[in-house]
Structures are given as C-alpha cells and as structure tokens.
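Just so you know, this note's numbering puts 291 at position 290 of the sequence shown, and the rest follows in order with no gaps. Idealized CB from N, CA, C, for every residue including glycine. A short write-up of the structure that comes next.
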Amino acid sequence: MTDTAPQDAARLATQLAGAVRSGDRRALARAITLIESTRADHRATADALLAALLPYTGNSVRLGISGVPGVGKSTFIEAFGLHVIGLGHKVAVLAVDPSSQRTGGSILGDKTRMVDLSREANAFIRPSPAGATLGGVARRTREAMLVCEAAGFDVIVVETVGVGQSETAVADMVDLFMLLLLPAGGDELQGIKKGIVELADLVVVNKADGDLAATARHTVADYRHALALLRHGDWRVPVLSCSAFRKIGIDTVWDTIGEHKALTEANGARATRRAEQARAWLWSEIRETLIDRFRAHPAVRADLARLEAEVTAGTTIPAAAAHTLLGRFLDQTGGA
C-alpha cells in the first residue's frame, strides 16, 4: 500500500468495508493486515475502515480461551469450531502466537494445528504475533474482532499465548473467558495462577479420556469445591470436563456458553461488560500510542541509548533517567 491522502484513505476504506461485508475472505485478511500495520497512513485508513464497519459489529459471541502449554488449546478450538459450525454458525479464530523477545519473530503455526477447521468455508483462522503487548493478545485483537463480526462471523474465539498473570487481558475483550486445564491433582492444582482462575467464567478440564479419565473426574471435583463460592454476578462458574481429541463433552461446553449468554443478556451484565471493555480499550490505546510517540520522538531518541546504557551500568538511577527522558518529550511537545 502506498501513502494516501485523507480522501484516498476514506475511499479505500469504503471499498474494503464493502468487500468485507460481502464475505470476501481476501478482503477480510487484508483488512486485518491493515489494522495491524504500524504505518501512520495505514492507521488513518484503518480508522476509517473501522468507522464504516462499526454499525455491523457487536452481534457475535466473543470467547477467550487460555490454558497452560500442552493443555490442547488448538485441538479443543478445532473440535469446538467444527461442532459450532455444524449447528449453523460461522466461527472466526484469532490465535495469538508468542513473539521472540530477541528477534520479534513468531511461528504463527495455528493453521497447521487446526487443519480440518481451516478447510471449513464457515471458519476463518487468523494467527497474529503478540509482539511486545502484554496480556497474551495482539494489540489490534479487539479491532480484528470487530472486522470479523462485520464479515458475518457470529462466534469469535480469541486464543491467548498461554496462562499466567500477564495473560489476563483477554478477559477485558470477550463475553466469556474460558480456562482450559489438564487433569491434575494435589500440589499440581497449586501451579495454576489464582488470578486467572478468578477471572474465568468457565473452567474446562480437557483430555478427560483413557488413563486420565479418573484423574480428570477428581480434578473437576476439586475445582468445583474450590470455586463453589466464586460468582460473577448472577453466574456461578461451572467446571466441566471434555476430551477434545475424542470430541466428547464439546456439546456441553457450547450449551453452557449459551446459558451464560442468555443470563447475561437478560440481566444486562453483557451490555455492562462490553461498555466497561470499551473504556478499558480507550485507555489501553492511549497508553500504547503515548509510548510509541515517546520512543519515536527525536529529543528522546537522542538521549535514549546513552541513558539506557547508564542505567544498565548502574551509574544512573532508572527513575532519574525516566524523568530526564520525559522532560525531553514534554518540553518538545508543550507538556507541563
């Protein structure tokens, strides 16, 4: 894409929005690529695109799925997606892969782990790198969700990079946050971060088959006991079991999601949650944009490497270096 004037950006956004709304999968992929771009001219077009699509968003079930490595997230999402498509829905999977902190690269291998689902006409799988964004999601995941909704996908699944204290941001962008667990017991139960368990609207123990079936039953019982008093408003957090590999229990998971949707729509919790998420999105974007502009500012860049080296060497206190750099930035931007 080349640099475009404001009117050209608006025209391109209108054309792309029309193609997305018509179900053009290439246009959908292009739209997400556009909103993920860091170029200033692309950002202007992306904003115009999102404005054009906004009236057609908000009608999906937004699901977030997290779990420890090896829990079978991709296998579960594929089995779940195929089940839901069989019921007449269209499923979009936004799978976020971890980025290397050294090279910035990502494997983006989710399509290779969901071969059957990727072949479905009513499925769309989009792997994106997490980059430097905390929370287990890419910075533009929220916007990608809106584009998928406008394209007619009524079930959106966001798969996070893992599980832990920093992988909880997905709960701030979905209607239901699902935590997948492995069959475990005793001390192993303590290895799950308490914070993420408390955020979960639904807990599912996967791989409940074969030699692990009995262990899975015990795990479900232990978590039901541990979460007996945990409520999200009128919703008592269920603990279920399934075998994604054998496609057992997937229907119960979907039925439970439907129960959550019906309850939260009836009591207004869904609308309230989305309103709070929109406010959180606003402040997240403000923080990210300020950091980007701070790093790119000439006055900051002139001293950043030197001050970073001094902090690393222990000759300058980090707080003093931060104040110096912020002073450079605010002086040049007219801040107080």
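Item: Exposed unless 16 or more other CB atoms sit within 10 angstroms - verdict on N207; Value: buried
Item: CB-CB length for V92 against V158, believed under 8 Å; Value: 7 Å
Item: S61, DSSP secondary structure in three states; Value: coil
Item: Residue interval of the alpha helix (DSSP H) (run including F77); Value: 74-87
Item: S285 - DSSP class collapsed to helix/strand/coil; Value: helix
Item: 8 Å Cβ cutoff met for R143 and E289; Value: no
Item: Residue-chain proximity (P319, chain B), Cβ-Cβ < 8 Å; Value: In the displayed structure, chain B is absent; only one protein chain is listed.
Item: Run of the beta strand (DSSP E) containing L183, from where it starts to where it stops; Value: From DSSP, L183 is part of no beta strand (DSSP E); its letter is neither H nor E.
Item: A11 to A20 span [Cα, whole Å]; Value: 14 Å
Item: Exposure of V116, with buried meaning 16 or more beta-carbon neighbours within 10 Å; Value: exposed
Item: Inter-stretch contact (C-beta, 8 Å, three-pair minimum) for the stretch 56-71 and the stretch 170-188; Value: yes
Item: C-beta atoms of L29 and A152 nearer than 8 Å; Value: yes
Item: Presumed contact (8 Å Cβ cut-off) between R114 and S75, rounded CB distance; Value: 4 Å
Item: Q166 versus S285: straight-line alpha-carbon distance, rounded; Value: For Q166, the predicted structure reports a pLDDT of 44, less than 50, and the residue's modelled location is therefore unreliable. A value from the coordinates is still provided. Rounded to the nearest angstrom, the two C-alpha atoms are 17 Å apart.
Item: Start and end residues, beta strand (DSSP E) containing L203; Value: 203-206
Item: Three CB pairs or more closer than 8 Å across the stretch 232-244 and the stretch 262-271; Value: yes
Item: Reduced DSSP secondary structure (H/G/I, E/B, other) of I36; Value: helix
Item: Distance between L283 and V148 (C-alpha atoms, nearest Å); Value: 18 Å
Item: L308 to F330 span [Cα, whole Å]; Value: 14 Å
Item: Per-residue DSSP class, three states only, for G328; Value: helix
Item: Identity of the residues DSSP links to F125 by a beta bridge; Value: A93
Item: Closest Cα partner of L54 within the set R26, Q16, A80, V69; Value: Q16
Item: Buried or exposed by the 16-neighbour rule on C-beta atoms within 10 Å, applied to P7; Value: exposed
Item: Close Cβ partners of T34 (< 8 Å) along its chain, the five nearest in sequence each way excluded; Value: none
Item: CB contact flag (L180, S38, <8 Å); Value: no
Item: Runs of beta strand (DSSP E) lying entirely within the stretch 207-295, each at least 3 residues, in chain order; Value: 240-242
Item: Assumed close pair I86, A145 - CB separation to whole angstroms, cut-off 8 Å; Value: At roughly 20 Å, the Cβ-Cβ gap does not stay under 8 Å, so I86 and A145 are not in contact.
Item: Rounded distance between the beta-carbons of S242 and A279, thought under 8 Å; Value: That pair is no contact at about 34 Å.
Item: Residues bridged to S356 (per DSSP); Value: Here the chain has residues from 2 to 337 only, and residue 356 is not among them.
Item: Extent of the continuous beta strand (DSSP E) to which V159 belongs; Value: 156-160
Item: Which of helix, strand or coil DSSP assigns to R146; Value: Correcting the residue identity first, residue 146 is Met in this sequence and not Arg. M146 falls in the helix class under three-state DSSP.
Item: Separation of G328 from R120, as counted between CA atoms; Value: 54 Å
Item: Nearest neighbour of V272, chosen from I251, G59, A217 [CA to CA]; Value: One detail in the question is off: residue 272 reads as Ala in this sequence, not Val. Out of I251, G59, A217, G59 has the C-alpha closest to the C-alpha of A272.
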